[in-house]
Structures are given as C-alpha cells and as structure tokens.
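Below is one structure, written out as structure tokens; the observations come after it.
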Amino acid sequence: MRIQRIAIGLTVINLLLFMFLLAQIRRTTAQDVVPVLRGRALEIVDGQGRVRAEILVHGPERVGGKLYPETVLFRMADQNRRPVVKFTAAENGSALGLFDDSQGRVQLNAKSDTGNFVKVLNKDGREQVLKP
71 MRIQRIAIGL
81 TVINLLLFMF
91 LLAQIRRTTA
101 QDVVPVLRGR
111 ALEIVDGQGR
121 VRAEILVHGP
131 ERVGGKLYPE
141 TVLFRMADQN
151 RRPVVKFTAA
161 ENGSALGLFD
171 DSQGRVQLNA
181 KSDTGNFVKV
191 LNKDGREQVL
201 KP
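Quick note, our numbering runs 70 ahead of the 1-based positions in the sequence shown.
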C-alpha cells in the first residue's frame with residue numbers, strides 16, 4: 071500500500087511539472103526574426119545528409135613552405151561531393167572558380183600575390199588566360 075501511495079504522489083508531481091513546462095512553451099512564428107546569425111561555419115545538406123554547400127572561415131595554413139592567409143570560403147558541391155563553385159576572400163584578394171564534371175573550369179582571380187586574371191580550361195586540357 072505504501073508503494074502505491076509513493077507511485078501516485080510521483081505521478082501527480084510529474085503531471086504538475088508537465089503542465090508547468092507546457093505553460094512555459096512559447097509559440098514561434100515566421101514573424102520572429104533573429105537579427106544576426108552567428109557561427110563558425112554554415113553547412114547545407116541534401117536529403118541523404120551530404121554537404122552540398124558550406125561557408126566557413128579557414129585559418130592561416132602553411133602548405134609546401136608557402137603561408138596562405140586566413141580565408142573565408144564559400145563552396146557548393148554536386149551530389150558526388152565534387153566542388154562545382156568555390157569562392158574565396160582573404161586579405162590578399164579574392165578568387166572565384168567554376169568547375170564542370172569533365173575537368174573543365176573557369177577561374178577569376180584578383181589577388182595581390184598571384185595577380186589578376188581570368189583563366190579558362192576545357193576538358194581537353196587547352197587553357198586560355200586573359201591578363202590586363
């Protein structure tokens with residue numbers, strides 16, 4: 071009999087707590103707009119959970135003895151995770167790359183270390199560069 075009273079008491083306490091929590095829930099609508107979204111990265115995934123687009127800040131990095139500055143990167147990928155659009159911005163300039171599935175690409179470059187140019191490469195490996 072004592073266990074039955076304890077069980078009923080706990081059930082009543084749980085019901086009261088549940089009703090209190092329900093009363094605290096605020097209904098959100100599309101009118102509730104957060105003024106700023108802050109984070110270290112943003113990823114957009116498809117229905118299978120594959121990352122299809124991302125925006126991130128890539129810290130400074132040394133590759134092959136060359137120091138690359140901190141860069142903001144926006145990348146979009148196809149369903150096979152191959153980059154199709156890549157846009158970077160850093161203290162030394164910016165670059166935009168557009169890629170197709172057959173190893174062709176168009177690259178727009180405006181950087182102080184590599185210069186300003188437009189490069190087009192087709193799938194046969196032929197390349198054309200336009201410099202000012």
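Glycine included, each C-beta is placed from N, C-alpha and C at the ideal position.
Bear in mind the structure is a predicted one, so any value in this text is a computation, not a measurement.
In this structure, the straight-line span from the alpha carbon of Val133 to that of Pro139 is close to 11 Å. By DSSP's assignment, Ser164 forms a beta bridge with Ala159 and Ala180. Here the alpha carbon of Phe187 sits roughly 15 Å from the alpha carbon of Thr158. In the structure shown, Asn150 adopts coil according to DSSP, grouped into three states. Apart from sequence neighbours up to five positions away, the residues of its chain that approach Asn162 with a beta-carbon distance below 8 Å are Pro139, Lys181, Ser182 and Asp183, ordered along the chain. Under the three-state reduction of DSSP, Ile95 is assigned to coil, being neither helix nor strand.
DSSP links Lys189 through a beta bridge to Gln177 and Val199. Rounded to whole angstroms, the separation of the alpha carbons of Val106 and Glu124 is 18 Å.
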